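> Number 172 in our numbering belongs to position 170 of the sequence shown; there are no gaps in the numbering. Backbone N, C-alpha and C define an ideal beta-carbon position, used for all residues, glycine too. Model, not experiment: these values are computed from the prediction.
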Amino acid sequence: MARRTWMLGVAAAALLGGQALAQGTPSSPGRVFRMATSVDAATLDPHATNALFTFLVVHQVYEGLTHRGDDLKVQPGLASRWEQVEPTRWRFHLRDGVKFAGGEAFDSDDVVFSIQRALAPTSNYGIFVDTVAEAVAVDRLTVDIVTRVPDPVIPDKLTRVMMMDRGWAETHRATVPQNFAQREETFTVRNANGTGPFVIRSREAEQRTVMVRNPAWWGTAAGVAPRGNVTEYHHITLTSDATRMAALLSGEVDMVHVVPVQDVARIQRDPRLRILEGQENRTVWLGLRQDVEELAGSDVRGRNPFKDLRVRQAIAHALDLDALRRTTLRGQGVPTGSMWTQFVNGWSQDADRRLPFDLARSRALLAEAGYPNGFTVPFECPVGTYDEACQAVAGMLARVGIRAQLTIQPNAVFSQRIRRQEPMMYALSWGVPTFDASYTLRAIMASRSVGGAATWNGGGYSNQAFDALIPRIDQEGDPEARRALIREAHAIHNADLGHIPMYHMMIPWAHRAGVAVTHRADNQVQVREIRVD
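(1) Excluding the five sequence neighbours on either side, which residues of its own chain have a C-beta within less than 7 Å of the C-beta of Arg-533, listed in chain order?
(2) Per DSSP, what kind of secondary structure is Gln-526 in: helix, strand or coil?
(3) Of the choices Arg-215, Phe-189, Arg-192, Thr-188, whose alpha-carbon is the least far from that of Ala-200?
(4) Hey, Glu-161 and Val-261: beta-carbon distance below 8 Å or not?
(5) Pick out whichever of Glu-390, Glu-295, Ile-446 has its Cα sitting closest to the Cα of Trp-342.
(6) As a quick exercise: from Phe-416, Arg-312, Ala-81, Val-336, pick the residue whose alpha carbon is nearest that of Leu-323.
(7) What is the rounded straight-line gap between the Cα of Ala-512 and the Cα of Gln-477?
(8) If we count Cβ pairs, one from each stretch, closer than 8 Å, do we get three or more for the region 297 to 312 versus the region 359 to 372?
(9) Using C-beta distances below 7 Å, list every residue in its chain close to Gly-79, excluding the 5 sequence neighbours before and after it, in chain order.
(10) For Ile-494, which of helix, strand or coil comes out of DSSP?
(11) Would you tell me roughly how many angstroms separate the C-alpha atoms of Thr-144 and Ser-350, rounded to the nearest one?
(12) What is the DSSP secondary structure of Met-165, reduced to helix, strand or coil?
(13) Please classify Arg-363: does DSSP put it in a helix, a strand, or coil?
(14) Going along the chain, which residues of its own chain have a beta-carbon closer than 6 Å to the beta-carbon of Arg-530, five neighbours each way excluded?
(15) Determine the direct distance from the alpha carbon of Tyr-373 to that of Arg-401, and round the result to whole angstroms.
(16) Quick one: what does DSSP say Gly-454 is sitting in, helix, strand or coil?
(17) Excluding the 5 residues preceding and the 5 following Val-346 in the sequence, name in chain order all residues of the same chain whose CB lies nearer than 6 Å to its CB.
(18) Rounded to whole angstroms, what's the CA-CA distance from Ser-431 to His-174? Just pull it up for me.
(19) Should Gln-270 go down as buried or exposed, given a rule of 16 or more other Cβ atoms within 10 Å for buried?
(20) For Arg-5, collect the residues of the same chain with a Cβ closer than 6 Å to its Cβ; drop the 5 residues on either side in sequence, then sort them by chain order.
(21) Confirm, please, whether the CB-CB distance from Thr-330 to Ala-244 is below 8 Å.
(22) On the criterion of 16 or more Cβ atoms from any shown chain inside 10 Å, does Pro-481 qualify as buried, or is it exposed?
(23) For the alpha helix (DSSP H) holding Thr-190, just list the boundary residues, first then last.
(24) Going by the beta-carbon positions, is the gap between Leu-54 and Asn-525 smaller than 8 Å?
(25) Quick check on the DSSP output: the beta strand (DSSP E) that includes Leu-290 runs from which residue to which?
(26) Compute the distance between the beta-carbons of Ile-238 and Ala-414, then report whether it is under 8 Å.
(27) Give me the DSSP bridge partner(s) of Lys-101.
(28) Would you tell me roughly how many angstroms separate the C-alpha atoms of Met-165 and Asp-112, rounded to the nearest one?
(29) If you check the beta carbons only, do Pro-307 and Ala-396 fall under 8 Å apart?
(30) Could you give the distance in angstroms between the alpha-carbon of Met-213 and the alpha-carbon of Arg-268?
(31) To which residues does DSSP link His-95 through a beta bridge?
(32) With three or more C-beta pairs closer than 8 Å as the rule, is the region 144 to 158 touching the region 90 to 104?
(33) Just to confirm my understanding: we take Ala-207, look at its own chain, exclude 5 residues before and 5 after, and list those with CB closer than 7 Å. What are they?
(34) Just reading off the beta strand (DSSP E) that Phe-35 is part of, what are its end residues?
(35) Using only the alpha-carbon positions, how far apart do Cys-392 and Gln-528 sit?
(36) Going straight from the alpha carbon of Arg-222 to that of Ser-110, what length do you get?
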């Protein structure tokens, strides 16, 4: 479905009058924008955990060398221009006069530091710098990014690598990212100092983060985001669907970022509200622990059912994804056999075929594998946009004897468990912010030793033939030949059912009339671009 931008001339109701803006914010009439979503940022450290809801907050404050605009194209960010001067060397020319919110000047030393920080073992942003050998300061405003192999998507990847001030990080003993998986507490978990359009005025974790316009933001003088007029942004976490929608209906918030599918029709009938909807560049799939000899919490002893391809096939055959879309998702999903969407470079129709729903075949495969009565396994999902789908999946598996004991957890807890490789079976949604398949190939599908610090392969899937294709994909300069290698890798994974794709997400947003916001397939909201009337 095409993205749409709503521009409405309806005057807004009084906007939480009386909030004082931070000292130094623009003197023009202020506009408060309040958005409710289901999950809070897990941390403010910009390199600690590569998660959608964390980036949703962090990228309002921090910026990258490049920026992905509302049209999803790569634009200049803290770098005004760049070029590939050699096959393995990209040169970025930095903007002059940029300052961090704390007053520190931004220069090439900060870029070198930030790239090194993203490469650190505790970083979860290694997927964006996976081919980088080093960053070299050519002069104060010029940086070379040197890669081990030619990498044509470096500008795309750097949209997600946020720049930090080296001196600020050193002062606060935060030169390496927070160890998120081990629940480490560092200064950067609750404090931020970026170059972006907003600064954080207050933060109550899991409740509300209030940001105000950064008076020193370089983008104001440069004419970036000219239509945006938000001077104060309230990022509100309301985990309850009912509470979140009640806040929109009552006028307590201006927009809801995660709209329950059952409420879409009701909102469409309300003349005060608008729905924006479209397919997200994000896929929900099942992960199965395959690298252990026995599943913790299972009633099977001495062996692991998920190591058997027939069991993985049985699970795929047991999933009635069309019914899931029709009933649980109420049309807000696209059943798939692919690990990424059609938005992604490397997608193919052939890879999007899935095993058919067939309960008889599922039961027969389980019996052949030695589990005629099925088995019990713990099943973990996060609170939020697909927990109802997890409940439906557990019910479908029960029909063939797989007793998936579902636990729904807070997103931060769930993410940490995935990073520590603790779940035996889980559902995860995975977006592709680079819009290139190498992102998912390396972080999800490759062996954990290949993915390294960037890995989210919590199930431990591993195939040597698949892994051998990764460096070939990295080094291939011809776009068509590279896509052919990606298709080959995807075919290996699909034959193995290393993970079990279920559906691509649809992302309805809801807002009141008088708010102009562009719907994005990456599910990111650029507050700097929003206009409130």
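Let me spell this out:
(1) Arg-229, Gly-230, Asn-231, Ala-518
(2) coil
(3) Note that residue 200 is Phe in the sequence shown, not Ala. Closest by alpha carbon: Arg-215.
(4) The identity of residue 161 in the sequence shown is Thr, whereas the question assumes Glu. In this structure, Val-261 does not lie closer than 8 Å to Thr-161 by Cβ.
(5) Ile-446
(6) Val-336
(7) 43 Å
(8) yes
(9) Glu-65, Gly-66, Leu-67, Thr-68, His-69
(10) helix
(11) 38 Å
(12) coil
(13) helix
(14) Pro-199, Ala-227, Gly-230
(15) 14 Å
(16) helix
(17) Val-434, Phe-437, Ala-439
(18) 34 Å
(19) exposed
(20) Any reading at Arg-5 must be qualified, since the residue scores a pLDDT of 33, below 50, and its modelled position is unreliable; the value itself is stated next. Answer for Arg-5: Gly-280, His-521, listed in chain order.
(21) no
(22) exposed
(23) 189 to 192
(24) yes
(25) 281 to 290
(26) no
(27) Ala-107
(28) 7 Å
(29) no
(30) 31 Å
(31) Arg-83, Thr-144
(32) yes
(33) Asp-42
(34) 34 to 39
(35) 30 Å
(36) The amino acid at residue 222 is misidentified as Arg; the sequence shows Thr. Each residue's alpha carbon lies about 22 Å from the other.
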